[in-house]
Structures are given as structure tokens and as C-alpha cells.
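In UniProt numbering, the protein residues as written are 1 to 340.
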């Protein structure tokens with residue numbers, strides 16, 4: 001009930017052909033998802049386990065990716081605590097935002113929040129049954145820092161002044177959210193996820209010192225609770241922050257965006273490395289795209305399998321809306337043909 005290439009990458013075993021997994025591989029660019037969205041809201045696709053499983057199944061079936069990933073959203077733990085959440089054309093919106101320590105008293109009890117998140121476990125169970133037995137399954141949560149940014153400002157980008165300067169509020173939020181995220185991870189692992197990725201979108205905005213002092217400790221808490229089961233991704237992470245992350249004992253691996261040459265990070269003997277083709281280049285004309293992709297592959301081909309151990313081939317971030325599906329197919333077939 002797993003993919004041999006993905007499991008080999010997790011175990012850092014040398015192999016000729018890397019597994020392929022793309023973030024946001026089940027999404028707006030894909031005909032399968034678009035057909036489902038004609039009939040169902042985004043919330044229904046996330047919260048109805050059968051529908052979430054069907055969304056996750058689509059790209060694995062179409063493009064033959066090595067792994068599926070839970071179809072959901074990082075913000076549901078905020079809804080679980082009673083902050084309200086709706087999705088519209090303008091993106092996600094919370095019902096209210098944190099501004100004072102007293103606001104934390106509005107959070108629903110932990111037991112109630114955990115019960116709310118049960119739909120994700122059921123979605124993982126249904127997804128495991130829906131995808132082929134030779135495919136792997138990944139779960140995910142939002143990073144505590146990114147969730148705090150949303151809870152205070154309703155977004156994960158911009159100047160982020162409030163979340164950065166509100167140390168006491170941040171620590172109070174972390175205490176409550178970490179308790180829920182531990183249970184959230186447990187639910188997903190019990191449902192059949194092989195690893196759980198932490199997606200920490202806002203972490204790339206942090207200086208190395210702020211990352212080490214205000215973000216990394218929360219990652220360590222989750223990794224220590226589930227050693228060998230947690231991966232981490234944050235786009236545009238500062239080199240110093242990445243180095244701090246690599247020193248976390250028990251972290252199984254991390255993703256890297258397209259701004260970094262990942263070749264030197266492969267075969268490190270301690271972490272899988274996911275990435276990192278520039279997702280914007282999937283919009284190239286087919287002929288030019290194939291030429292560029294082959295140039296991108298060359299440094300990887302120069303490495304013996306031992307030096308590529310742990311590589312999970314994919315993009316620097318997620319598949320963008322309106323990405324040409326033909327280029328996704330070309331990406332997968334070119335990788336499989338090159339690494340044989």
C-alpha cells in the first residue's frame with residue numbers, strides 16, 4: 001500500500017528513478033478538478049471525504065504521479081477553533097481576527113476542535129482506498145507561524161508587522177494550536193498518510209534570527225512528537241533558516257523552491273529533498289519546454305544514484321492555475337525516460 005520509489009526516497013536508499021510528486025497537483029489547472037467544481041463547492045470537496053478522495057485520485061490516475069496528497073486546506077484548524085472560515089473568489093476569509101490575549105479565550109475547547117478535524121482522517125482513509133495500491137499518500141498541515149499570520153492578519157504575506165511584534169499573543173496562540181496540530185497529525189497518520197508535510201508559507205518572509213527564535217521551535221515540537229514522519233516546506237527560505245531546519249533531529253525531509261540549486265543538497269544521508277523545477281516554466285511552448293526541462297535535468301544525471309538518494313522530483317512550489325496539462329505529462333515522461 002505504498003510506492004516503492006517514494007519509500008526509497010524516504011529511507012534515503014539509492015535508486016535510479018526518483019519519485020514524482022507536485023504540490024497542488026490536484027487543483028484548478030486540471031480538467032478532473034474543474035469538472036468536480038462545477039457540481040460542488042471548494043468546502044464540499046475538502047470536507048466530504050468521498051469527494052476529497054476523488055479530487056486526490058484524479059491527477060494520480062491521469063499523470064501517474066508516484067504519490068497522492070490529502071486534498072484539504074491549511075486553514076481548517078482555525079475554523080475548528082471557532083474563527084469562522086469561508087472561501088470565495090477573493091480567497092479565504094476568517095470570521096474574526098486575533099488582536100489581544102483575551103481573544104484566545106474565544107477559541108473552542110481542544111476536544112471540540114479535534115472532533116471537527118475528523119473529516120481529514122476520513123478523507124485520508126477514503127483516499128488510500130481510492131488510489132492504486134502502488135501509490136503513496138502524503139498528509140499535510142499548515143505551519144503554526146503561517147496559521148498565526150492568518151489568525152491575526154487574514155493573510156500570509158505583506159509586512160506581517162502584527163504577527164512579528166506580538167510575541168506574547170504569538171506564544172499563547174502556539175500553545176493552543178500546537179496541541180491541535182499534534183492531534184491533526186495523529187489523525188492523518190492513523191488514516192494512512194505515510195508522512196505529513198508542514199506547509200509554512202509565511203516562513204520565507206522571516207529573517208534567519210526570527211525563524212530560529214519564533215518559528216523553528218514550533219517545528220521541533222511537532223517533529224519530536226512524530227519523529228521520522230514530518231516533512232517541511234517554505235518557499236524562499238533564507239539560507240540561514242534552511243541550515244537551522246536541516247539540523248532538526250527527526251525531521252524526515254524538506255522541500256526547496258526553484259530559487260535554490262538543490263543538487264548539492266541531495267544524498268545528504270539524513271533528509272529527503274523535494275523539488276524544485278520552476279513551476280512558471282510549465283507555461284512554455286511544448287518544444288521549448290522539453291528543451292529547457294532536459295537542460296534542467298543534466299546536473300542530476302551527472303550524479304550517481306548514491307548522490308541522488310532522497311530526491312523527490314517535483315516543482316519549486318505548486319502547480320499554477322491554467323498550467324498546460326500537456327507539459328505536466330511531458331515532465332513526468334521525460335523524468336522517467338531520463339532516469340532509467
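Beta carbons: idealized from backbone N, C-alpha and C, even for Gly.
Of the candidates 233, 206, 189, 330, 233 places its Cα closest to the Cα of residue 197.
Between the segment 122-139 and the segment 166-177 there are fewer than three inter-stretch CB-CB distances shorter than 8 Å, so the stretches are not counted as touching.
Contact between the segment 261-279 and the segment 206-223 is absent: fewer than three C-beta pairs spanning the two stretches fall below 8 Å.
Residue 318 is a Cβ neighbour of residue 24, given a cutoff of 8 Å. Put simply, of 107, 136, 332, 152 the residue whose alpha carbon is nearest the alpha carbon of residue 3 is 136.
Close CB contacts of residue 293 within its chain, under the 6 Å cut and outside five residues either way in sequence, are with 334 (chain order). Per DSSP, the unbroken alpha helix (DSSP H) holding residue 180 starts and ends at 167-191. The residue among 157, 53, 138, 42 with its C-alpha nearest the C-alpha of residue 19 is 138. Exposure of residue 105 is indicated by the presence of fewer than 16 other C-beta atoms within 10 angstroms of its C-beta. Membership of residue 293 in the alpha helix (DSSP H) is indicated by the continuous run 286-301. Membership of residue 33 in any beta strand (DSSP E) is not indicated; the residue belongs instead to the alpha helix (DSSP H) covering 31-37.
Here residue 145 is buried. Its C-beta has 16 or more other C-beta atoms within 10 Å.
Burial is judged here by how many other beta carbons sit within 10 angstroms of a residue's own beta carbon; residue 89 has fewer than 16 and is exposed. Scanning 97, 249, 201, 134 for the CA closest to the CA of residue 142 turns up 201.
In terms of Cα proximity to residue 223, the closest of 103, 69, 278, 178 is 178. Here the alpha carbons of residue 147 and residue 190 stand approximately 23 Å from one another.
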